[in-house]
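First comes the structure, then the notes that go with it.
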Amino acid sequence: MSVLKPRERSVYFRISEEEFHQFVSVCEKQGARSVSDLARNAVQRLIAECERQGEELGLEPKVQTLEKLIGDVTRQLQLLTELLQRHELAGHNAAGANASGHAVAATSTDQD
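Whatever position you read off the sequence shown (first residue = 1), add 3 for the numbering used here.
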């Protein structure tokens, strides 16, 4: 079986005899061709996990910004709702005042 991606760099680290036996055992269980393949795959998974977490962390400020904007819009809608309610109430009171004003005018006209 030929290597599709030739490997030109080496990384060395020391392990104990017990760790080596554990690595070989995991190689057999995982179907890795060698301890090197096992270590390489483990590091690649670790890198992928770190990148995924980095992407999630990159989303956090965006989510916070969106939450702030949603809060601002919600407060503005509440303010507009209050203003509309006051305007409607003021219009209702003015209409009531006009109605009673007409009644008063009609009454004073009737008396003359």
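Think of the CB as a built atom: it goes at the ideal place given N, C-alpha and C, for glycine as much as any other residue.
Residue i: first and last residue of the uninterrupted alpha helix (DSSP H) it sits in
i, result
"Lys32", "20-33"
Length of the line joining the Cα atoms of residue i and residue j
i, j, result
"Tyr15", "Gln33", "22 Å"
"Glu54", "Ala42", "18 Å"
"Arg10", "Gln56", "28 Å"
"Glu31", "Ala51", "23 Å"
"Ile18", "Lys65", "43 Å"
"Ala98", "Thr84", "21 Å"
"Val46", "Gln79", "50 Å"
"Leu62", "Leu69", "11 Å"
"Asp75", "Gln88", "20 Å"
"Lys71", "Leu82", "17 Å"
"Glu58", "Glu22", "33 Å"
"Thr77", "Gln67", "15 Å"
"Arg12", "Asn44", "15 Å"
"His95", "Ile73", "32 Å"
"Ala106", "His90", "Legend: pLDDT at Ala106 = 47, less than 50; position of this residue unreliable, value from coordinates given subsequently. Taking the straight line from one Cα to the other gives about 24 Å."
"Leu7", "Leu60", "34 Å"
"Glu1", "Arg48", "For the chain, the structure presents residues 4 to 115; residue 1 sits outside this window and is missing."
"Thr110", "Leu92", "With a pLDDT of only 47 at Thr110, under 50, the local geometry of the prediction cannot be trusted, and the value read off the model is given with reservation. Taking the straight line joining both Cα atoms gives about 27 Å."
* In the stretch 61-96, which residue ranges form an unbroken alpha helix (DSSP H) of at least 4 residues, counting only runs that do not cross its ends? -> none
* If we count Cβ pairs, one from each stretch, closer than 8 Å, do we get three or more for the stretch 38-48 versus the stretch 21-28? -> yes
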